[in-house]
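First the structure, in the form of structure tokens, and then the observations on it.
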Amino acid sequence: MNNTHIENFISNTSTSSTPEEIHNKLSVAVNQSDVCDEQLISVQGQVRNKTFFSVVSERKSVGLNKEAKNHEGINALDIALYFLHCVDRDAGDTISPLKLQKLVYYAQAWSLALRSQPLFPEQIQAWVHGPVVYEVWDAYKKYKYGTIPEPDGGLPEFAEDQVEILDEVWNTYGELSAKRLEQLTHSEMPWINARQGLDPGERSQNIITQEDMRFYYSSLMVEDGNKEEASTFT
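Each residue of the sequence shown is one higher than the one before, starting from 2 at the first, in my numbering.
So, in structure tokens, the structure goes:
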């Protein structure tokens with residue numbers, strides 16, 4: 002597996018990187034390399050030793066349908082469950098509802114940018130603290146700002162291209178704090194557009210449109226001013 006571009010992403014990204022720099026480096030790394038299932042990318046410039054698949058294999062197995070490109074029946078709760086299984090609790094890692102929401106959002110956003118297809122049908126609302134899928138909020142609201150425990154049960158069957166997207170999102174955003182992810186989404190056009198005319202602390206159920214997500218994150222797939230072909234997942 003050629004991870005040159007992934008390694009470049011790791012070495013060139015720091016905590017001071019802007020959202021555009023983070024997303025641009027992510028998209029270039031995704032488009033120019035194989036899916037990184039051997040390393041977990043951290044925007045802190047560090048690589049975790051434990052792969053996603055080794056973490057999951059210690060708990061539940063995930064089914065991969067290599068033929069399906071648009072796997073039917075996957076919803077936002079399934080995507081959330083996938084990320085909950087990613088958490089390496091043996092290493093002391095945790096995840097809160099706020100962080101989970103941001104990971105689900107970025108999974109949808111990058112699927113729209115890279116595959117021109119959503120991962121799930123539920124709408125995403127522009128809440129005060131960032132993008133929210135109401136169904137995911139309702140399922141985990143009892144944990145508030147605390148830690149979501151390890152889930153019971155296994156995972157549904159995902160298509161291979163869906164798993165690739167989810168892994169890249171986890172690899173890139175998984176080590177960021179919930180607050181940093183909130184700041185990141187607040188700096189980006191889809192959430193800002195959906196919040197137009199609202200006060201900073203004003204509640205809202207305004208929808209972040211799929212078109213805004215697709216357009217914005219596709220526009221970040223630029224290297225030296227030239228848009229990259231998003232062919233990895235097609």
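Beta carbons are placed, not taken as given, at the ideal position from N, Cα and C, and that holds for glycine.
Computed from a predicted model, the values in this text were never measured in an experiment.
- In this structure, the straight-line span from the alpha carbon of Arg181 to that of Glu158 is close to 31 Å.
- The Cβ-Cβ distance between Met222 and Ala114 falls below 8 Å.
- Where Pro132 is concerned, the enclosing beta strand (DSSP E) starts and stops at 131-133.
- The shortest C-alpha to C-alpha distance from Asp162 to any of Trp111, Val88, Thr173 is the one to Trp111.
- The Cβ atoms of Leu101 and Ala81 lie closer than 8 Å to each other.
- Closest in C-alpha terms to Thr173, from the list Gly74, Cys87, Ile75, comes Cys87.
- Per DSSP, Gln126 lies in no alpha helix (DSSP H) segment; the continuous beta strand (DSSP E) that holds it begins and ends at 125-128.
- Here the alpha carbon of Tyr106 sits roughly 7 Å from the alpha carbon of Val133.
- By a beta-carbon distance limit of 8 Å, Gln206 does not contact Gln109. Their separation comes to about 17 Å.
- Of the candidates Leu177, Thr210, Leu185, the residue whose Cα lies closest to the Cα of Thr95 is Leu177.
- DSSP, read as helix, strand or coil, puts Phe84 in helix.
- Annotated three-state conformation of Ile193 is helix, per DSSP.
- Spatial neighbours of Thr148 in its own chain (CB-CB distance under 8 Å, excluding positions within 5 residues in sequence) are listed in chain order as Thr95, Ile96, Ser97.
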